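This report concerns only the one structure given below.
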Amino acid sequence: MDSKNQIKLKLVNISKKFDLTEVLRDTNLEVKEKEFIVILGPSGCGKTTLLRIIAGLEKQTSGEVFIENINVNKKDPQDRDISMVFQNYGLYPHMKVKQNLEYPLKINKVKNKEEIISKWASKVKIIEYLERYPKQLSGGQRQRVALARALVRSPKIYLMDEPLSNLDASLRLEMRSELKHLHEELGSTFIYVTHDQIEAMTLATRIVLMNNGKIEQIGTPQELYSSPSNVFIGSFIGSPPMNFIEGEINNSFFNSNNIKDLKVNNRNKEKVYLGIRPDDLKISENGIYDFKAELFSSEYLGDGYLFTLKLDEKKFLLKSQKINSYKTSELIPIMIDKNKFHLFNFDSGNIINN
Amino acid sequence: MNSKFLVKKITSYLLILIFAVWCLFPIYWLLATSLKTNLQTNADPPMFIFKPIIDNYRLIIQDPDIWHVFFNSLIVASGTTFFSLVLGVPAAYVLAKFKFKGNSDYSFWILSTRMAPPIAMLIPFYVMYNNFGILDTHIGLILAHISLNLSLVVWIMRGFFEDMPKEIEESSYIDGASYLNTFYKISLPISRNGMVAVGILCFLFSWNEFLMALILTDDNAKTVPVGISKFVGYQLIKWAELAASAMFMIVPIFIFLVFFQKQLIKGLTMGAIR
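Chains A and B, in that order, are what the protein sequence lines are.
If you're matching positions, the first sequence starts at 137 in this note's numbering and goes up one per residue.
If you're matching positions, the second sequence starts at 7 in this note's numbering and goes up one per residue.
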């Protein structure tokens with residue numbers, strides 16, 4: 137079998153209840169060898185619980201977990217051959233950095249401990265801190281130690297629970313690229329949990345987007361960005377988020393209070409949201425426009441402007457490279473990119489194929 | 007502002023001073039009494055200025071009975087401390103870290119051993135000890151003291167273990183360590199301060215405990231507090247010798263506390279991880 141397509145992890149109908157609250161519902165997922173899977177979702181969506189179930193730190197209420205085609209339901213975390221980086225690092229405070237790295241090797245009776253430790257310590261740049269205690273290190277340094285401790289073994293899967301969320305912005309950026317580099321260099325399987333959609337977009341080979349205890353969509357970052365399967369995904373992925381305009385389809389035309397007779401490939405009569413990304417709206421310069429909206433504010437971003445506009449007392453966003461020549465409260469003519477908008481059912485929020 | 011600060015400082019020092027005098031005066035009085043003659047101890051009004059003598063101490067040190075109770079106390083207090091920790095710390099760990107049916111019930115039962123005053127248990131203890139033939143033995147008194155100390159150990163250590171971030175132990179599981187290994191190599195060393203603090207409290211309790219020791223022991227196993235009371239006679243109380251022997255008994259505790267003071271405070275005021 138081609139190793140690239142080998143299934144590393146398989147989750148079948150995983151559900152989890154804490155007392156009476158259901159935090160995970162019938163979750164199914166297949167992860168292939170060498171994938172960098174990012175589980176993304178707002179806080180409280182069950183993503184960390186899912187990771188802890190994979191690790192064996194939490195027992196699922198029902199469902200099966202397979203690691204390399206072996207059912208590990210009854211296996212403790214010790215016997216699953218995985219490693220994990222925790223949000224709060226989970227370093228052993230009474231041990232020096234070196235002993236922290238040595239611990240998993242000792243437990244698993246690995247040979248050449250010194251060699252392995254110095255290899256990884258230099259790779260994540262903590263070689264000068266080996267004789268210090270965790271409390272003598274900064275957040276970023278602790279993070280690297282936690283990472284090194286996860287890397288000294290060669291487990292089947294690397295799990296990471298928001299490992300960058302305690303770092304400041306510039307350090308986060310730096311560690312992000314290092315993680316991505318590491319993943320390619322190691323050629324192993326990563327499962328990474330975050331609530332930060334930019335982290336997810338930049339790191340993932342595939343994103344698993346979760347909301348309210350269930351998976352909303354699984355796909356590459358490009359797929360999630362360009363064809364979100366519902367309103368939630370459209371609004372969660374992308375910065376700034378997608379705009380939604382309420383309206384109705386009738387005889388293949390979309391109509392709202394302001395937008396008149398926009399041609400769509402859908403004949404059913406139904407209430408819908410029209411979803412469009414801020415980049416796919418343009419300020420019209422030739423007098424042809426789809427609708428006019430009032431300028432609320434404009435922000436300079438360096439590579440262009442972000443306009444906040446008001447339509448029917450609702451705000452929406454437009455991104456443009458053009459220099460702003462409008463004043464606040466002025467009406468701006470706007471064009472919709474006819475190939476880029478999406479229609480979502482008003483009640484279910486699900487996408488309508490057009 | 008400066009004078010306000012000064013007033014605040016003086017007031018707080020004054021309060022501390024009053025409290026310190028309040029606490030230390032009895033010990034000073036004990037020390038002073040131990041350096042007086044028996045006649046001087048009974049002087050009325052009490053004498054503050056006198057020529058100190060060390061005859062009382064000379065007498066005490068030569069008294070084999072005093073050494074006997076001293077070593078009894080050492081054995082009983084050490085034994086109590088050791089076994090209370092050996093039994094209580096793992097129990098506290100399990101109660102803090104593992105969910106199982108009846109977890110909180112067990113914790114409550116353990117605490118409930120302290121809800122009745124010890125004197126209420128004294129007669130049953132005496133009868134049982136008599137039946138088992140362990141009256142007036144070290145092990146007997148150690149058992150009684152453990153039963154009174156265990157709830158303290160379990161409850162303080164349980165809090166300690168609960169405060170420990172769970173990621174630390176989870177990291178250890180993920181690294182492949184068994185539950186027992188994690189307990190020995192990670193959880194125990196991290197909670198060392200707490201164990202030292204609880205150990206000191208156990209030792210102090212056992213060293214000072216009077217009631218159980220008085221009833222459950224006789225010549226063979228009697229401890230310091232009981233031993234000292236022998237200076238209270240039928241017709242007269244030998245205050246000077248009593249004070250000297252009391253001082254003699256305080257000293258080990260005092261040295262002990264001076265050495266472990268830092269850890270006692272750390273253990274009682276801070277969580278497991280700082």
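All C-beta atoms, glycine included, are put in the ideal place defined by N, C-alpha and C.
Since the model is a prediction, treat every value here as computed from it, not as a measurement.
When the Cβ atoms of the stretch 193-203 of chain A are set against those of the stretch 353-369 of chain A, are three or more pairs found closer than 8 Å?
Output reads no: the stretch 353-369 of chain A does not touch the stretch 193-203 of chain A.
When you check each C-beta in the stretch 156-184 of chain B against every C-beta of chain A, which residues fall closer than 7 Å?
Hits within the stretch, in order: 171, 173, 174, 176, 177, 179, 180, 181, 182, 183 and 184.
Residue 168/B: which of 95/B, 253/B, 39/B and 259/B sits nearest, CA to CA?
Residue numbering aside, residue 168/B sits at position 162 when the second sequence is read from its first letter. For residue 168/B, the nearest C-alpha among the options comes from 95/B.
What is the DSSP secondary structure of residue 275/B, reduced to helix, strand or coil?
As a working note, residue 275/B is residue 269 in the second sequence. It is helical.
Taking only beta-carbon positions, decide if residue 136/B is within less than 9 Å of chain A.
Counting from 1 along the second sequence, the entry for residue 136/B is found at position 130. No, residue 136/B does not count as interfacial toward chain A.
According to the neighbour-count rule (16 or more other Cβ atoms, all chains shown, within 10 Å of its Cβ), is residue 238/B buried or exposed?
Residue numbering aside, residue 238/B sits at position 232 when the second sequence is read from its first letter. Under this definition residue 238/B is an exposed residue.
Taking 9 Å as the CB-CB limit, is residue 471/A close to chain B?
In the first sequence, the residue the question calls residue 471/A occupies position 335. No, no contact with chain B.
If I follow the unbroken beta strand (DSSP E) through residue 296/A, where does it start and stop?
Sequence index remark: in the first sequence, residue 296/A carries index 160 (1-based). Per DSSP, residue 296/A belongs to the beta strand (DSSP E) from 293-297.
On a CA-only basis, which of 161/A, 437/A, 389/A and 156/A is nearest residue 149/A? Give me that one, please.
Working through the first sequence from its first residue, we reach residue 149/A at position 13. Closest by alpha carbon: 161/A.
Inspect the CB distances between the stretch 281-293 of chain A and the stretch 232-252 of chain A and report whether three or more fall short of 8 Å.
A contact exists between the stretch 281-293 of chain A and the stretch 232-252 of chain A.
Since residue 224/A meets chain B, which of its residues come closer than 7 Å, beta carbon to beta carbon?
Reading the first sequence from its first residue, position 88 is the one you call residue 224/A. Those are 171 and 173, listed as they occur along chain B.
Return helix, strand or coil for residue 494/A, following the three-state DSSP convention.
With chain A represented from 137 up to 490, any question about residue 494/A goes unanswered, as that position is not in the structure.
Return the chain-ordered ranges of every beta strand (DSSP E) run that is complete within the stretch 383-435 of chain A and spans a minimum of 3 residues.
Counting only runs of 3 or more, we get 389-391, 406-412 and 417-419.
What are the boundary residues of the beta strand (DSSP E) that residue 478/A is part of?
As a working note, residue 478/A is residue 342 in the first sequence. Counting along the chain, the beta strand (DSSP E) containing residue 478/A begins and ends at 478-481.
Starting from the Cα of residue 507/A, find the closest Cα among 368/A, 323/A, 339/A and 324/A and give me that residue.
The question about residue 507/A has no answer here: the residues shown for chain A are numbered 137 through 490.
Report the CB separation of residue 227/B from residue 142/B in whole angstroms; it is logged as a contact under 8 Å.
Locating residue 227/B in the second sequence gives position 221, counting from the first residue. Locating residue 142/B in the second sequence gives position 136, counting from the first residue. Right, their Cβ atoms sit about 5 Å apart.
Would you tell me roughly how many angstroms separate the C-alpha atoms of residue 147/A and residue 294/A, rounded to the nearest one?
Here the question's residue 147/A lines up with position 11 in the first sequence. Here the question's residue 294/A lines up with position 158 in the first sequence. Their Cα atoms are separated by approximately 16 Å.
Got a sec, what are the start and stop residues for the alpha helix (DSSP H) residue 370/A sits in?
For the purposes of this step, residue 370/A is taken as residue 234 along the first sequence, with counting starting at 1. Here the alpha helix (DSSP H) through residue 370/A covers 367-372.
Whose C-beta lies closer than 6 Å to the C-beta of residue 218/B among residues of the same chain, with five residues either side of it excluded?
The sequence position of residue 218/B within the second sequence is 212, counting from 1. 150.
Use the C-beta contact count for residue 78/B: other C-beta atoms within 10 angstroms, 16 or more gives buried, fewer gives exposed.
Working through the second sequence from its first residue, we reach residue 78/B at position 72. Burial call: buried.
Can you tell me the Cα-Cα spacing of residue 221/B and residue 192/B, whole angstroms?
Mapped onto the second sequence, residue 221/B falls at position 215. Mapped onto the second sequence, residue 192/B falls at position 186. Looking at the two C-alpha atoms, the distance is approximately 42 Å.
Taking DSSP's pairing of strands, which residues face residue 163/A in a bridge?
Stepping through the first sequence from its first residue, residue 163/A is reached at position 27. In DSSP, residue 163/A forms a bridge with 150/A.
Under the assumption that residue 170/A contacts residue 325/A (Cβ atoms under 8 Å), give the Cβ distance between them as a whole number of angstroms.
Sequence index remark: in the first sequence, residue 170/A carries index 34 (1-based). Sequence index remark: in the first sequence, residue 325/A carries index 189 (1-based). Correct: roughly 6 Å between the Cβ atoms.
Helix, strand or coil for residue 337/A per DSSP?
Counting from one through the first sequence, the residue named residue 337/A turns up at place 201. Helix at residue 337/A.
Work out the CA separation of residue 270/B and residue 206/B for me, nearest whole Å.
Your numbering for residue 206/B matches position 200 in the second sequence. Your numbering for residue 270/B matches position 264 in the second sequence. Each residue's Cα considered, the two are about 7 Å apart.
For a contact defined as C-beta to C-beta under 7 Å, what are the partners of residue 294/A on chain B?
If you number the first sequence from 1, residue 294/A lands on position 158. Correct list: empty, because the minimum Cβ distance to chain B is about 11 Å.
Quick one: residues in its chain with C-beta nearer than 8 Å to the C-beta of residue 482/A, no 5 flanking neighbours on either side, listed in chain order?
Against the first sequence, residue 482/A aligns to sequence position 346. Closer than 8 Å at Cβ, skipping near neighbours: 382, 406, 407, 408 and 409.
How would you call residue 49/B, buried or exposed, if buried means at least 16 neighbouring beta carbons within 10 angstroms?
To locate residue 49/B, count along the second sequence from 1; it is residue 43. Exposed is the call here.
Can you tell me which of 479/A, 454/A, 476/A and 475/A puts its alpha carbon nearest to the alpha carbon of residue 469/A?
What you label residue 469/A is simply residue 333 of the first sequence in a count that begins at 1. When only C-alpha atoms are compared, the closest one is 454/A.
How many whole angstroms separate the CB atoms of residue 172/A and residue 330/A, which I take to be in contact at a CB cut-off of 8 Å?
For the purposes of this step, residue 172/A is taken as residue 36 along the first sequence, with counting starting at 1. For the purposes of this step, residue 330/A is taken as residue 194 along the first sequence, with counting starting at 1. Residue 172/A to residue 330/A, Cβ: 12 Å. No contact.
Quick one: which residues of the stretch 191-220 of chain A get their C-beta closer than 9 Å to a C-beta of chain B? List them in chain order.
Correct list: 191, 192, 193, 212, 213, 214, 215, 216, 217, 218, 219 and 220.
Around the Cβ of residue 480/A, are there at least 16 other Cβ atoms within 10 angstroms (buried) or fewer (exposed)?
What you label residue 480/A is simply residue 344 of the first sequence in a count that begins at 1. Flag for residue 480/A reads buried.
From the DSSP output, in three-state form, read off residue 310/A for me.
Position 174 of the first sequence holds residue 310/A. Helix at residue 310/A.
Would you say the stretch 202-222 of chain A touches the stretch 289-309 of chain A, given that touching needs at least three Cβ pairs under 8 Å?
Contact holds: three or more Cβ-Cβ distances are below 8 Å.
Here's a check: name, in chain order, each residue in its chain whose Cβ is nearer than 8 Å to the Cβ of residue 158/A, leaving out the five neighbours to either side.
Numbered from 1 along the first sequence, position 22 holds the residue referred to as residue 158/A. If we look at residue 158/A and ignore the five residues flanking it on each side, its Cβ neighbours are 151, 152 and 349.
Answer yes or no: does any C-beta atom of chain B fall closer than 9 Å to that of residue 243/A?
Here the question's residue 243/A lines up with position 107 in the first sequence. It does; some Cβ of chain B falls within 9 Å.
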